[in-house]
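A quick write-up on the structure given underneath.
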Amino acid sequence: ISPISPFRPRRWKGKIVSERSKIIIKNLNPKKRPISAVADNVEVRNAKNILKKINKKIFFNLLYDRNNSLQKKIKIEQLRKETNLK
-10 ISPISPFRPR RWKGKIVSER SKIIIKNLNP KKRPISAVAD NVEVRNAKNI
40 LKKINKKIFF NLLYDRNNSL QKKIKIEQLR KETNLK
């Protein structure tokens, strides 16, 4: 999850969420505060409610170096982002 604005919320760089997570967004005042959401290059604008969850019907192969496991790459990327926050 990442903010669309680099300035709001302040100092929040985003977060990696579990594949089991369901993200529910409810717009309390859609006329005054329109929201938009993008997931997998699909954008929704002026939404009242948004529910995002993983689609288990889509599969793809990840290509990466055999010497560096995917878990290791994820940990390195998370650590790099955390150290940039300080």
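Everything in the sequence shown is counted per the numbering used here, starting at -10 for the first residue and increasing by one. Even for Gly, the Cβ is constructed at its ideal location relative to N, Cα and C.
One alpha carbon belongs to LYS46, the other to LYS11, and they sit about 16 angstroms apart. The Cβ atoms of ILE5 and LEU40 do not sit closer than 7 angstroms to each other. Excluding sequence positions up to five before and after SER25, its CB lies within less than 8 angstroms of the CB of ILE(-7), GLU32, VAL33, ARG34, ASN35 and ALA36, all in the same chain and listed in chain order. Annotated three-state conformation of ARG69 is helix, per DSSP. Residue ILE43 holds the alpha-carbon nearest to the alpha-carbon of ASP29 among ILE43, LYS21, ARG22 and ASN18. For SER25, the enclosing beta strand (DSSP E) stretches over residues 25 to 28. Looking at the backbone, the Cα of ASN57 and that of SER7 are separated by about 22 angstroms. Under the three-state reduction of DSSP output, LEU59 falls in the helix class.
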